[in-house]
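What follows is a set of notes on a single structure, which appears directly below.
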Amino acid sequence: EEQSNTNLSKFRKLQHELEEAEERADIAESQVNKLRVKSREVHTKIISEE
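Numbering (the numbering used here), first residue to last: -7 to 42.
Dropping the structure here:
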């Protein structure tokens, strides 16, 4: 039973770490998408000024 509790505790800790990592990945992906849009806007503006 002690071994089971230890394993369950490790599992929950890793599951929590995974959820946090997924959240950070989602935030990073969102930032990349915003930068892509911004980059396109700047590129379009430069082309239209030529």
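Heads up, the beta-carbon is just placed ideally off N, CA and C, and yes, glycines get one too.
C-alpha distance - residue i paired with residue j, whole-angstrom precision
i, j, result
"alanine 13", "glutamate 41", "42 Å"
"asparagine -3", "alanine 20", "35 Å"
"alanine 34", "glutamate 11", "It should be noted that the sequence gives valine, not alanine, for residue 34. So the alpha carbons of these two residues sit roughly 35 Å apart."
"leucine 0", "serine 31", "46 Å"
"serine 22", "isoleucine 38", "25 Å"
Cut-off 7 Å between Cβ atoms - residues of its own chain near residue i, not counting five sequence neighbours on either side
i, result
"threonine 36", "none"
"leucine 27", "none"
Cut-off 8 Å between Cβ atoms - residues of its own chain near residue i, not counting five sequence neighbours on either side
i, result
"valine 29", "none"
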